[in-house]
Amino acid sequence: MKKGLFFILMILIITLSSCTEVSLDYLDFELNPGIDTIDLGETHIDAGATAYYGLKELVVTVISNQVDSTEEGVYEIIYQTSHRDLVLTLVRKVTVKDQTPPVVTLNSGVDTVMVGEEWHDAGVMASDNSGGEVLIEVIGDVLDDAGRYEVMYRVTDPSGLQTTITRIVYVIERE
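Per our numbering, the very first residue in the sequence shown carries number 1008; after that it's consecutive.
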């Protein structure tokens, strides 16, 4: 008898719950916390989204992911979930931005010369994560007078990020 009553009660609960109207009040659909600004060339790891209708976890589907980490810009990831006749979407905005200045190293060269000798600038090697061209400015002179001279190289990438490095050159007198 108890089993029969339990069975009837369960059928009644299932029937009544399937007849109730679906309400947005019970639907919770949100983005999971994540890193939404990445450096140019960095891999974006999607944190996803979660959805619940009451205590029931719903399936969340990514219906579009346009993130291109090789190109600066703002991209969208679109998520969708549904429960019965309710269909909802959420959008995550991901910003790809060049945040890394160029890498610069001094080329090996002779940086101590005698008064009257010509100094030859060995320059620098520069690279950037954008793969684009960098602008190299050389600031400073090496004079023919004995002394310590600084030659600064300012390297600017296509995003305007800069790195500077300095070469020290000594002009010495003959003994």
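The beta carbon of each residue, even a glycine, is placed where N, CA and C say it ideally should be.
Status (buried if at least 16 other CB within 10 Å, exposed otherwise) for residue i
| i | result |
| --- | --- |
| Val-1081 | exposed |
| Asp-1151 | exposed |
| Cys-1026 | Note that Cys-1026 scores 46 on pLDDT, short of 50, meaning its location in the model is unreliable; the coordinates nonetheless yield the value given after this. That one is exposed. |
| Pro-1040 | exposed |
| Tyr-1164 | Going by the sequence as given, residue 1164 is Asp instead of Tyr. Flag for Asp-1164 reads buried. |
| Leu-1047 | buried |
| His-1127 | exposed |
| Ala-1153 | exposed |
| Ala-1129 | exposed |
| Asp-1105 | buried |
| Ser-1030 | exposed |
Residues near residue i in its chain [Cβ-Cβ closer than 7 Å; skip 5 each side]
| i | result |
| --- | --- |
| Glu-1049 | Ser-1076 |
| Thr-1022 | With a pLDDT of only 48 at Thr-1022, under the threshold of 50, the placement of this residue in the model should not be trusted, and no figure is reported. |
| Lys-1100 | Asp-1043, Val-1081 and Glu-1083 |
| Ser-1134 | Pro-1109 and Val-1110 |
Residue i - partner residues in DSSP beta bridges
| i | result |
| --- | --- |
| Ser-1071 | Ile-1085 |
| Ile-1172 | Tyr-1160 |
| Asp-1046 | Lys-1104 |
| His-1051 | Answer is none; His-1051 lacks a bridge partner. |
Cβ shell of residue i (< 8 Å), same chain only, five flanking positions each side left out
| i | result |
| --- | --- |
| Ile-1070 | Ile-1085, Tyr-1086, Gln-1087 and Thr-1096 |
### Query
With a cut-off of 8 Å, do at least 3 Cβ pairs link the stretch 1117-1124 to the stretch 1085-1094?
Touching, no, given that fewer than three Cβ pairs across the two stretches are closer than 8 Å.
### Query
Is there contact here, the stretch 1157-1172 with the stretch 1141-1149, by at least three beta-carbon pairs under 8 Å?
A contact exists between the stretch 1157-1172 and the stretch 1141-1149.
### Query
Between the stretch 1059-1067 and the stretch 1118-1138, are three or more C-beta pairs nearer than 8 Å?
As far as the Cβ criterion goes, the stretch 1059-1067 does not touch the stretch 1118-1138, which means the pair count is below three.
### Query
Which runs of the beta strand (DSSP E) spanning at least 3 residues fall entirely within the stretch 1096-1165, listed in chain order?
Here the runs fully enclosed are 1110-1113, 1119-1121, 1131-1134, 1142-1146 and 1154-1163.
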